[in-house]
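Data block below; observations after.
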Ligand code: DGT
Ligand code: CA
Ligand code: CA
Ligand code: ZN
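Residue numbers (this note's numbering): 1357 to 1929.
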């Protein structure tokens, strides 16, 4: 029986094969859309088919529904088999190489007979790629570098922002099982790491069986990998693995601490315990020379037993937090309620979905005291970037909105200005001088060599009108690595000029990343946490940005949008 993921994969492969063959774009998009909507289904597609409701799935018409039926009944798709005789499926792995589009893949296949990644590496190393029309030694070297990058980054971790809502939804189900007293997310997800290997969930209950039964029969389960009385593991239809443990509530503290990790942090805790003659595991502390167990009902009790203050999960990476706790120097981490504003958002003036006033009202409703409207600049044509003339028209609308919102809320006028490929900025200085706040960012030519792309960024930082750099590296999780910036040089320049660096809270960015946040703080670079909202709903992403700041040991004082508006305005002026 074929599963959701396999059917989605089949359609995704068909889409890519059609793109290599050079089919019409709308046909390719139809298969791609079908693949996505099947991958996101919360139910087994076999059930939907049994109910005769395949065409209710978004993007599935009768033709595709017939193909799904064919796969569900025969386990095969004839259309795919026929296509595979023309376009070998092994070519699809070549498409994962950055910079290698379908046309180029077709060319290396037809001219050089290349069918696999290994063969592509070989012909590139032999210098045969550069001989193709439209290629040269430079593009050949780029492709070799991209193949290496693929080998480095090509693991299958899930972005935090995809795993988080899934975990919350499962806990919502488990908390309703009779007898359940506590539920929690653990593992890397509780530590809010940017990518997640698998989801770890914990439940406290006196009666384990109903919890396991509910867990293993969730709608989104593809398969049950292991099922026991206290622990089970499932794989969801979207491919994500989920571990669940159940224990009685009086052991909650050691259980939660153990499964929150990280492994390295746990090793340090066990060493500290042993120094006191205690062995520590997920069940309890046990005196090495015999004696009764010490049970911990919460994590504070675990740390207390070790003579430590509570250490927040986002710090538990063995990056100095144990020493800081011993010395009483743990940071007083920034919290979501400390945030008073968002400095980076888009409206219908460029590629946003709501008006200036709608964004302002939504921001006020969530407790913000000021916002900056920062639509795209002219050269980002695909995002409907603003010409100088439209930017000035927008200034009037923003002044009106500021007035309409009354004295307790400020609407400021800014821009998210492109740093162009040649390093120049998209608006002249005299236009920037008219704005309250200027963001500069890279959206194009991210793959320039390190020196060139770093210099571009330095040009922006050194411009006296530029207040902030948005999503500095431009990386996209899980697998676009972003610009190869010299971050030390960037941070030194930001510190020297008082330029703010952003933590973009969008879970596909989380850029600055945690380790860069930590470094920025050491260098006294100021940081902002922004949602880059294109719709007011995206203010909900703020917690991912705050978590990233916490993982970088940030306190509220380091984050400019925790400051009152006057303090913020004084800083940027
Ligand atoms: P992930 O899933 O790769 O994103 O990372 P984690 O940290 O969620 O790791 P995972 O799922 O393998 O295990 C969850 C937690 O359980 C981990 O953070 C610490 C604990 N744990 C698992 N295996 C070991 C182990 O062998 N030794 C110790 N000390 N702790 C472990
Ligand atoms: Ca995990
Ligand atoms: Ca796990
Ligand atoms: Zn933006």
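Glycine included, C-beta positions come from ideal geometry on N, C-alpha and C. Predicted model only: the values in this text are computed from it and were never measured.
{"Query": "Beta-carbon proximity of residue 1598 to residue 1562, cut-off 8 Å", "Result": "no"}
{"Query": "Sequence-distant residues of the same chain with beta carbon closer than 8 Å to residue 1545, five excluded per side", "Result": "1516, 1519, 1520, 1523, 1552, 1555 and 1556"}
{"Query": "Candidates 1380, 1437 and 1695: closest to residue 1916 by CA position", "Result": "1695"}
{"Query": "Supposed contact pair residue 1497 and residue 1930 - C-beta distance, whole angstroms, cut 8 Å", "Result": "Outside the shown range of the chain, which is 1357 to 1929, sits residue 1930, and nothing can be said about it."}
{"Query": "Residue 1826 CB to nearest heavy atom of ligand 4 below 7 Å", "Result": "yes"}
{"Query": "Beta-carbon proximity of residue 1503 to residue 1541, cut-off 8 Å", "Result": "no"}
{"Query": "Pairwise C-alpha distance: residue 1423 and residue 1336", "Result": "This structure cannot settle anything about residue 1336, because the visible part of the chain is limited to 1357 through 1929."}
{"Query": "Beta-carbon proximity of residue 1715 to residue 1692, cut-off 8 Å", "Result": "no"}
{"Query": "Spatial distance of residue 1856 from residue 1898 (CA atoms)", "Result": "18 Å"}
{"Query": "Segment limits, beta strand (DSSP E) that includes residue 1839", "Result": "Note, residue 1839: premise wrong, no beta strand (DSSP E); not H, not E."}
{"Query": "Contact test: residue 1620 Cβ vs ligand 3 heavy atom, cutoff 7 Å", "Result": "no"}
{"Query": "Through-space distance from residue 1738 to residue 1603, alpha-carbon basis", "Result": "53 Å"}
{"Query": "Where residue 1528 falls, given that 16 or more other Cβ within 10 Å makes a residue buried", "Result": "exposed"}
{"Query": "Range of the contiguous alpha helix (DSSP H) that encloses residue 1610", "Result": "1608-1616"}
{"Query": "C-alpha distance - residue 1683 paired with residue 1631, whole-angstrom precision", "Result": "18 Å"}
{"Query": "Other residues of its chain near residue 1766: CB distance less than 8 Å, five sequence neighbours each side excluded", "Result": "1725, 1726, 1727, 1758 and 1921"}
{"Query": "Where residue 1896 falls, given that 16 or more other Cβ within 10 Å makes a residue buried", "Result": "exposed"}
{"Query": "Boundaries (first-last residue) of the beta strand (DSSP E) holding residue 1557", "Result": "1555-1561"}
{"Query": "Pair within 8 Å by beta-carbon distance, residue 1770 and residue 1798", "Result": "no"}
{"Query": "Own chain residues within Cβ distance below 7 Å of residue 1486, not counting five before or after", "Result": "1492, 1493 and 1496"}
{"Query": "Proximal residues to residue 1465 (C-beta, below 7 Å), its chain only, five neighbours per side dropped", "Result": "1447 and 1471"}
{"Query": "Residue 1765 in three-state terms, based on DSSP", "Result": "coil"}
{"Query": "Under 8 Å between C-beta atoms of residue 1628 and residue 1640", "Result": "no"}
{"Query": "Every unbroken alpha helix (DSSP H) within the stretch 1494-1574, with a cutoff of 4 residues, ordered by chain", "Result": "1516-1530, 1543-1546 and 1565-1572"}
{"Query": "Sub-8 Å separation of residue 1645 and residue 1609 beta-carbons", "Result": "no"}
{"Query": "Buried or exposed (CB count within 10 angstroms, at least 16 for buried), residue 1588", "Result": "buried"}
{"Query": "Any non-hydrogen atom of ligand 3 closer than 7 Å to residue 1554 Cβ", "Result": "yes"}
{"Query": "Residue of 1445, 1901, 1397 and 1362 minimising C-alpha distance to residue 1317", "Result": "No answer is possible for residue 1317: it lies beyond the span of the chain, which begins at 1357 and ends at 1929."}
{"Query": "Cβ shell of residue 1699 (< 6 Å), same chain only, five flanking positions each side left out", "Result": "1728, 1884, 1886 and 1917"}
{"Query": "Three-state secondary structure assigned by DSSP to residue 1818", "Result": "helix"}
{"Query": "Segment limits, beta strand (DSSP E) that includes residue 1601", "Result": "1597-1603"}
{"Query": "Three-state secondary structure assigned by DSSP to residue 1770", "Result": "strand"}
{"Query": "Under 8 Å between C-beta atoms of residue 1732 and residue 1707", "Result": "yes"}
{"Query": "Span separating the alpha-carbon of residue 1786 from that of residue 1815", "Result": "17 Å"}
{"Query": "Run of the beta strand (DSSP E) containing residue 1582, from where it starts to where it stops", "Result": "1577-1583"}
{"Query": "Check: residue 1522 C-beta below 7 Å from any heavy atom of ligand 1", "Result": "no"}
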